[in-house]
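In what follows, a single structure is set out as structure tokens and then discussed.
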Amino acid sequence: MSMPRTLSVVEDGGLASLLGGSGRGAGSDAWRTPDARKAAADLLREQLPPQLLDPVAPAALRTPEVLRVLRAEIGRQVEAGVGVLRGVPMDEPSLLALFRESVGWGPAQPYLDDERVQEVKIIGDRIMVQEDGADFVMVPERFPVARLPMDLAINLAGRLNVPLNMNRPQGTLPLAFGTRMHVTIPPCTPESTALICIRRGRRYAWLLEDVFRRGAFSEGVLDLLRLFARAKCSFLIAGETGSGKTALLEAMVNSWPGEPHVITIEDNTLEINVRHAAWTRELVQTGNEPGAFGRAAREALRQTPTIVAPGETRAEEAGAILSIAVSGHAIITTLHAKSCAAAVTRFADCAAMPGAYVYEGRRANALEDTCDNIEVVIHIEKMHGRRYISEIALLNGLDRTGGYVRPQLVPLVEMDVAEDGQLMWHCAATVKGDQLVWKRSEEDLTPASLRQKLRLLRAESRVRAAPTTRAAIEEALERAGQALRVGQADLALATVRRAWSDRRDERLVALAARCLEANKRAWDAAFADASQAADAITAALSRRDWPEARERLTQVMADLALVAAHTPAGGWGEVEIVLTAGLAADQVAFEATARARAAITSHDPQDALALLQSLDLSRISREATVSALTVRRDALRQLADAGLGGDAPITLVDAQLAALRGEETP
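My numbering numbers the first residue of the sequence shown as 387 and each following residue consecutively.
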């Protein structure tokens, strides 16, 4: 495994120094010729799935495909003795350099491929990067000409159908993988230069624990946020650009109890990832359709959601979002503000803007309803690349003293910096069960609306399992450990099994293994069942039967004893990764097949065949393969009916389909 690249020190020579030595191989210049770059670009655009052409597509997924496509074509040209790529070395550095200089982003690509880099800025020909937990730095690599990044951005915008020209010189490009790219070109920037900001999206749906592990708040704050999620509160999350507002919104949504119906509404870029199965994901393009965000929020009122999470509130859509909260649905949204108090007033200002739903021109009503229907306000800051909660306050209606009307905020959490520079959080209350216990006040300072939700939460706890909190897991581990120490292994195993159904904590797996070791008969039975399940899952994966593998893996993961008794090669986590990749490949195949079927309906069989050509049938399921081959056969028949093809290709596809279906070919 190669050592990670440093951002602070790069040897002289820039990108070229990364490509290796001299002679045939990494140092060969065959890939540098314009003809070779053009041929490689045409080949890669034709054969790579579109999502892998995005600048921040995961290198682990893209690199094997790039190497496969280029090596196959170079080998073919070498064998034929003709072709501009036949002199290109087949070593990995040369081929990846060819990718970077043909369809990639040149000297910026290594940083776009580095998962530690959270954001890349291209300013003219210069490149700035920000690693996780650090500030932006200028790196030595530069584009050979300042116009090149602008041309790349304009071409990408054209592929994504986003207007980007002199009349529309600024725009957000909705890249895959939750990544956001914002581009500014002339006349907003100097001639032939661009400002390009690329912020990497999260690859998986975050939980509150993921934000906590990054030092954004203390364990006491974590307990408070979990309580508010269990109580199904509404939240305003405020902060500056890049402070982590959307990440915290996502984590809050994914910590919601039960099986909620979640509606997310995002503008231009799909950044929010949700773990809940009942998830409606809406993308609007306000740049192309002003007012689209507010209309999407209004429609959510008629969709009976459990929780609505508009990605960011910026203008009159706040009126529709506030109406959702007033109607009794939980909402979580973000906005730019410098404090909790400023966030509340700015949200009310937006809700009363011209064109706002219900509250247009009614700022006083908007402020009152905000303070009565949103329970929690959070402010986030960033410092030297670190993102952290600086303040949490509870809304408690309006303060009308002194002739002024202002939000009445109950301070709950405040961040401070210790003498040694460490961040610390002062919590005015702690969590005890399902209630807040205030530290410095004999009276209960909990606002009335939140107090009512906590009462309902306590009522629910009498008829359902304990909520999935760290305290509940700790309690289960302690009780199971005590039972095990006195020889009650069965009781201990039952305890951690119940906790596992609430939350999958690796500590439960370790303790379950100890419980099974104390009962050989139980161990043998669990080991036999888990081994049999692992073999069945492996077999299903080998034949690319993703639904079967997913069903069996779900059954295993639901039973802690099976997870603890046997670990397949690479671990259950690796099995999950392989399955996820297979399901993703199937999704790409089904989407391409659907588009190809639409092309056939429009009497464009050539377009249908082009859409299917990039599919690698060796990586998708039998069902997806049959679907793709069926559409390919229909496209070939349409061509043949038009006199543009013969029967031989159709016969070949029929034979492939018959083989897949276990039929005898005529």
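The beta-carbon is built from N, C-alpha and C at its ideal position, and this holds for glycine as well. What you are looking at is a predicted structure, and each value in this text was computed from that prediction instead of being measured.
Between which two residues does the alpha helix (DSSP H) harbouring residue i extend?
i: Glu351; result: Outside the shown range of the chain, which is 387 to 1052, sits residue 351, and nothing can be said about it.
i: Asn541; result: Arg533 to Arg545
i: Thr940; result: Trp932 to Met943
i: Glu465; result: Ala445 to Ala466
i: Val895; result: Glu892 to Glu903
i: Glu657; result: Careful: Glu657 lies outside any alpha helix (DSSP H) and carries neither H nor E.
i: Phe522; result: From DSSP, Phe522 is part of no alpha helix (DSSP H) but of the beta strand (DSSP E) over Phe522 to Met524.
i: Gln495; result: Gln495 to Asp499
i: Met476; result: Note, Met476: premise wrong, no alpha helix (DSSP H); not H, not E.
i: Met514; result: First-last for Met514: Arg512 to Glu517, but that is the beta strand (DSSP E), not the alpha helix (DSSP H).
i: Trp642; result: Careful: Trp642 lies outside any alpha helix (DSSP H) and carries neither H nor E.
i: Arg907; result: Lys906 to Ser928
i: Gln992; result: Pro991 to Gln999
i: Leu948; result: Leu946 to Ala951
For residue i, collect the residues of the same chain with a Cβ closer than 7 Å to its Cβ; drop the 5 residues on either side in sequence, then sort them by chain order.
i: Asn659; result: Gly564, Arg588, Tyr590, Ala591 and Glu636
i: Glu920; result: Per the sequence shown, the amino acid found at residue 920 is Ala instead of Glu. So the list reads His952 and Pro954, once near-sequence residues are dropped.
i: Ile509; result: Leu581
i: Ala779; result: Cys726, Val763, Leu795, Val796, Pro797 and Leu798
i: Gly557; result: Ala543, Val548, Pro549, Leu550, Val569 and Gly673
i: Val964; result: Leu927
i: Ile460; result: Leu471, Arg472, Val474 and Met476
i: Leu1046; result: Arg1008, Thr1011 and Val1012
i: Pro435; result: Val974 and Ser1000
Quick one: is residue i buried, meaning 16 or more other Cβ sit within 10 Å of its Cβ, or exposed?
i: Gln973; result: exposed
i: Gln838; result: exposed
i: Gly407; result: Because Gly407 sits at a pLDDT of 36, beneath the cut-off of 50, its placement in the model cannot be relied upon, and the following sentence gives the value as read from the coordinates. Gly407 should be labelled exposed.
i: Ser1007; result: buried
i: Ala1044; result: exposed
i: Met769; result: exposed
i: Lys906; result: exposed
i: His1054; result: The requested residue 1054 is not part of the displayed model; the chain covers only 387 to 1052.
i: Ser776; result: buried
i: Ala935; result: buried
i: Lys631; result: buried
i: Asn640; result: buried
i: Met524; result: exposed
i: Leu430; result: buried
i: Gly644; result: exposed
i: Gly492; result: buried
i: Ala494; result: buried
i: Asn541; result: exposed
i: Ser604; result: buried
i: Leu622; result: buried
i: Met638; result: buried
Starting from residue i and walking both ways along the beta strand (DSSP E), at which residues does that stretch end?
i: Lys424; result: Note, Lys424: premise wrong, no beta strand (DSSP E); alpha helix (DSSP H) at Pro420 to Gln433.
i: Pro560; result: Gln556 to Pro560
i: Trp886; result: It is not in any beta strand (DSSP E) - Trp886 instead sits in the alpha helix (DSSP H) that spans Ala875 to Asp888.
i: Leu1043; result: Unbroken run through Leu1043 is the alpha helix (DSSP H), Ala1034 to Arg1047; no beta strand (DSSP E).
i: Glu1057; result: Residue coverage of the chain in this structure runs from 387 to 1052, which leaves residue 1057 outside it and unanswerable.
i: Leu622; result: Phe621 to Gly625
i: Arg1019; result: No beta strand (DSSP E) holds Arg1019; the alpha helix (DSSP H) holding it covers Arg1008 to Asp1027.
i: Val506; result: Val503 to Ile509
Which same chain residues, not among the five before or five after residue i, have their C-beta less than 6 Å away from its C-beta?
i: Lys618; result: Ala716
i: Asp331; result: This structure cannot settle anything about residue 331, because the visible part of the chain is limited to 387 through 1052.
i: Arg684; result: Ala706 and Tyr743
i: Ala904; result: Ala875
i: Trp665; result: Val648
i: Ala426; result: Leu484 and Ser488
i: Arg379; result: In the structure as shown, the chain begins at 387 and stops at 1052. Residue 379 is therefore absent and cannot be evaluated.
i: Ala869; result: Leu877 and Ala878
By Cβ distance, which residues of its chain are closer than 8 Å to residue i, with the 5 residues on each side in sequence left out?
i: Met739; result: Ala701, Glu702, Ala704, Gly705 and Glu746
i: Asp802; result: Leu809, Met810, Trp811 and His812
i: Arg1019; result: Ile1036, Val1039, Asp1040 and Leu1043
i: Trp958; result: Leu939, Val942, Met943 and Val949
Is there at least one Cβ from chain C nearer than 8 Å to residue i's Cβ?
i: Thr1016; result: Annotation note: the requested chain C is absent from the structure, which comprises a single protein chain.
Next on the checklist: With three or more C-beta pairs closer than 8 Å as the rule, is the region 711 to 725 touching the region 682 to 694?
Outcome noted: Flag = yes, the region 682 to 694 and the region 711 to 725 touch.
Item to check | Contained beta strand (DSSP E) runs [length at least 3] in the region 785 to 862, N- to C-terminal order | outcome: Counting only runs of 3 or more, we get 792 to 803, 809 to 813, 815 to 818 and 821 to 824.
Checklist entry - Would you call the region 977 to 987 and the region 1013 to 1027 touching, i.e. three or more CB-CB distances under 8 Å? => result The region 977 to 987 vs the region 1013 to 1027: in contact.
Checklist entry - Are three or more beta carbon pairs between the region 443 to 459 and the region 476 to 490 nearer than 8 Å? => result In this structure the region 443 to 459 touches the region 476 to 490; the number of beta carbon pairs closer than 8 Å is three or more.
Next on the checklist: So within the region 682 to 764, which uninterrupted beta strand (DSSP E) runs reach at least 3 residues, ignoring any that extend past its ends?
Outcome noted: Correct list: 693 to 696 and 716 to 721.
Checklist entry - Which ranges does the beta strand (DSSP E) cover as unbroken runs of at least 3 residues, wholly within the region 561 to 617, from first to last along the chain? => result For the region 561 to 617, whole beta strand (DSSP E) runs of length 3 or above, ordered along the chain, are 566 to 570 and 581 to 585.
Checklist entry - With contact counted as at least three CB pairs below 8 Å, one residue from each stretch, are the region 565 to 577 and the region 532 to 544 in contact? => result The count of Cβ pairs closer than 8 Å, one atom from the region 565 to 577 and one from the region 532 to 544, reaches three, so the stretches are in contact.
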